[in-house]
Amino acid sequence: MTCASMAGAAAGLLVTTVLRQGQPYPQQAVISEVNMRTNEIIILYISFVANIVCLLFAYFVFPREPRKRKHCDQSPGTKQKCDISSTSFLLQTVFKSIQNSDLVYVALSYACSNALSWPWYQMIDITYSKVGFPQTVSNDCRLWMIIHTCVLSLSVCWLADRIAGSSNRLGILCHCLAAIFMLWVVLALCIKSLRRRTNFLVFGVMFAFPLSWTTQSLLYELAADYAHPLPESMAVGLICLLETLCENCMYFILYAVPKFHLYWLHVFTFIAGLLSVIFIILIKGKKFDRYYN
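For the working numbering, add 656 to where a residue sits in the sequence shown, where the first one is 1.
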């Protein structure tokens, strides 16, 4: 997932630089654009190779499911999960998801933490140009945000694996820290005296968004824990579907109201971060024991 995130960020930057090719630039700017495009293509190739290596590693090194753990095939919950009618599988899945309040909270938290932050990330060039930052700052910030997200994600996942049942608490902690740094970003964008130094805003951005994106794997785990009686893959797929729909709606709003990004998107991103914390706190149900050794 981290490799795919880097590939997506590089692809987004590549599309941006290609679309700007027709615009007149001084010679130095043209050389900078060419070098940037070359670096983005290199990142795409590296991410592609890394994804192939991870796929082969998972297929050949990880133990097979029957050898690792034995599922409770005779449990009533598993039988109920397998007896869902194929003719109305999707409708029943959505209906059961709505009935599962804990899964709904996980999905809403996931949507709030990603649906607004990714559009903000994609438009970071416009935001930085508004406050007078040079183009190189936004380009460097884009790349290092993804690298920072990868490092934080690996660290948090390792910690969650070491401390059993800590996904909920770690998710709350990461979202709270992300909300604090996002407030930092909002203040820097709204108060002119606070953004006189470039590092002040960049520091907040480098922690606000990566900390929010770090919780993706934790929320996937929570979705699987609270998916019963739905299949875990369907539960995770539904929360991704909700996030995608919300993100597309946000892009439509930005298309219909361009000034919304300049004046209000960072504020609504901060509010969405607070809602993510609230939704995780509301999860009170009992986790389903998915398997036993």
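For glycine and all other residues, C-beta sits at the position ideal for the given N, C-alpha and C.
Treat the numbers as computed from the prediction; the structure is a model and nothing was measured.
- Straight across, the Cα-Cα distance linking Gln791 with Leu799 is about 13 Å.
- Approximately 5 Å separates the beta-carbon atoms of Ala816 and Ser822; this is inside 8 Å, confirming the contact.
- Residue environment: Ile698 is assigned as exposed (fewer than 16 neighbouring CB atoms within 10 Å of its CB, all protein chains considered).
- For Gly893 and Ala763, the gap between their C-alpha atoms comes out near 10 Å.
- DSSP places Leu897 in the uninterrupted alpha helix (DSSP H) bounded by 888 to 912.
- Of the residues assessed, Asp758 falls on the buried side of the cut-off, its CB having 16 or more other CB atoms within 10 angstroms.
- In terms of Cα proximity to Cys806, the closest of Gly860, Cys768, Trp869, Ile819 is Trp869.
- By the C-beta density criterion, Trp814 is exposed, having fewer than 16 other C-beta atoms within 10 angstroms.
- When the Cα atoms are used, Thr925 and Arg853 turn out to be separated by approximately 23 Å.
- The segment 832 to 849 and the segment 879 to 887 do not touch, with fewer than 3 CB-CB distances between them shorter than 8 Å.
- Rounded to the nearest angstrom, the Cβ distance from Ser765 to Ser873 is 13 Å, too far for a contact under 8 Å.
- By the Cβ-count criterion, Tyr907 is exposed, with fewer than 16 other Cβ atoms from all chains shown falling within 10 Å of its own Cβ.
- With 16 or more other Cβ atoms from the protein chains shown falling within 10 Å of its own Cβ, Ile895 counts as buried.
- Judged by their CB atoms, Val841 and Gly827 are not nearer to each other than the 8 Å cut-off.
- In the three-state reduction of the DSSP assignment, Trp840 falls in the helix class, which pools H, G and I.
- Secondary structure at Val705: helix, using DSSP grouped into helix, strand and coil.
- CA-to-CA, the gap between Ser794 and Val812 works out to about 26 Å.
- Measuring C-alpha to C-alpha distances from Asn770 to each of Glu877, Pro914, Thr871 identifies Thr871 as the nearest.
- Annotation for His922: Trp776, Val841, Val842, Leu845 place their beta carbon closer than 7 Å to its own, counting only its chain and skipping 5 residues before and after.
- In the DSSP assignment, Ser757 falls within the unbroken alpha helix (DSSP H) covering 757 to 770.
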